[in-house]
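Residue numbers (our numbering): 121 to 235.
Written as structure tokens, this is what we have:
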């Protein structure tokens with residue numbers, strides 16, 4: 121997965137979380153034809169609580185494995201350090217979780233006016 125760290129301010133919903141899903145060798149996954157969907161989960165690294173539970177992603181470009189999670193209101197309401205993962209569901213009922221050999225870190229910083 122290209123870029124394993126995202127930093128943003130509290131309550132921001134942009135930029136979208138755009139990632140290229142890759143296999144363990146760094147090759148982009150082809151998401152055309154065999155994939156029924158992709159979801160995103162994010163967990164608070166310190167508290168262990170799940171903040172976002174298996175929310176759907178958009179497939180931006182099937183052949184290059186690019187997907188997008190569009191932040192919803194409340195997703196980034198709490199400053200902290202989170203880890204995230206994407207689950208690819210295949211048409212045959214199998215699934216693959218990305219990243220497989222690294223960690224996607226999401227850091228949400230306090231905004232200055234706390235708004």
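C-beta atoms are modelled at their ideal positions from N, C-alpha and C, and glycine is treated no differently.
With 16 as the cutoff for other CB atoms within 10 Å, does residue i come out buried or exposed?
{"i": "residue 155", "result": "buried"}
{"i": "residue 170", "result": "exposed"}
{"i": "residue 144", "result": "exposed"}
{"i": "residue 173", "result": "exposed"}
{"i": "residue 212", "result": "exposed"}
{"i": "residue 189", "result": "buried"}
{"i": "residue 232", "result": "exposed"}
By Cβ distance, which residues of its chain are closer than 6 Å to residue i, with the 5 residues on each side in sequence left out?
{"i": "residue 186", "result": "140, 180"}
{"i": "residue 217", "result": "205, 207"}
{"i": "residue 133", "result": "191"}
{"i": "residue 198", "result": "none"}
{"i": "residue 125", "result": "225"}
Go ahead and pull the three-state DSSP assignment for residue i.
{"i": "residue 178", "result": "strand"}
{"i": "residue 205", "result": "strand"}
{"i": "residue 222", "result": "coil"}
{"i": "residue 146", "result": "coil"}
{"i": "residue 164", "result": "strand"}
{"i": "residue 196", "result": "coil"}
{"i": "residue 133", "result": "coil"}
{"i": "residue 183", "result": "coil"}
For residue i, which residues from the same chain have a beta carbon less than 7 Å from its beta carbon, with the 5 sequence-adjacent residues on both sides left out?
{"i": "residue 184", "result": "140, 148"}
{"i": "residue 157", "result": "176, 209"}
Can you name the residues that DSSP bridges to residue i?
{"i": "residue 188", "result": "138, 178"}
{"i": "residue 210", "result": "155"}
{"i": "residue 215", "result": "209"}
Can you list, in chain order, the residues of its chain whose CB lies under 8 Å from that of residue i, leaving out five sequence neighbours each side?
{"i": "residue 128", "result": "135, 196, 226, 227, 228, 229"}
{"i": "residue 159", "result": "174, 175, 176, 177, 206, 207, 209"}
Assuming residue i and residue j make a contact with CB atoms under 8 Å, what is their CB distance in whole Å?
{"i": "residue 150", "j": "residue 200", "result": "About 34 Å separates the two Cβ atoms, so there is no contact after all."}
For the ligand HEM, any of its heavy atoms closer than 7 Å to the Cβ of residue i?
{"i": "residue 225", "result": "In the structure shown, the ligand HEM is absent, as is every other ligand, since no ligand is present at all."}
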